[in-house]
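Going by this note's numbering, the first residue of the sequence shown is number 689, and it counts up by one from there. Ideal Cβ placement from N, Cα and C applies to all residues, glycine included.
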Amino acid sequence: MKLIVNGSPLEVEASDLAGALAVLDYADAVVATAVNGAFVPAGARPLQTLHDGDRIEIVAPRQGG
689 MKLIVNGSPL EVEASDLAGA LAVLDYADAV VATAVNGAFV PAGARPLQTL HDGDRIEIVA
749 PRQGG
């Protein structure tokens with residue numbers, strides 16, 4: 689399926705957000721996620737189904753001040 693991940697078009701074989709993160713090597717990473725601009729908490733990622741053309745944002749937390 690064609691997805692836009694952090695602004696880049698990618699072909700990803702996954703039906704849900706958790707699967708997409710695994711395919712993209714983020715399975716064990718501590719990241720924040722959004723699909724089509726809506727925040728998706730970590731516990732809801734397996735329930736977040738994906739559709740062709742969805743926009744996924746993956747953001748790693750930063751430290752500092």
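Q. Hey, would you say ALA698 sits closer than 9 Å to LEU712, going by beta carbons?
A. The sequence shown places Leu at residue 698, not Ala. Cβ distance < 9 Å, so LEU698 and LEU712 count as in contact.
Q: Give me the Cβ distance between ALA748 and VAL723, rounded to the nearest whole Å; I'm assuming they're in contact under 8 Å.
A: Contact flag wrong, Cβ pair sits at about 17 Å.
Q. How should THR721 be labelled, buried or exposed, when 16 other C-beta atoms within 10 angstroms of its C-beta is the threshold for buried?
A. buried
**Q.** Enclosing alpha helix (DSSP H) for VAL711 [first to last residue]
**A.** VAL711: member of the alpha helix (DSSP H) spanning 705-711, first to last residue.
Q: List the endpoints of the continuous beta strand (DSSP E) containing GLU699.
A: 696-699
Q | LEU735 (DSSP reduced to helix, strand or coil) | A | Helix, per DSSP.
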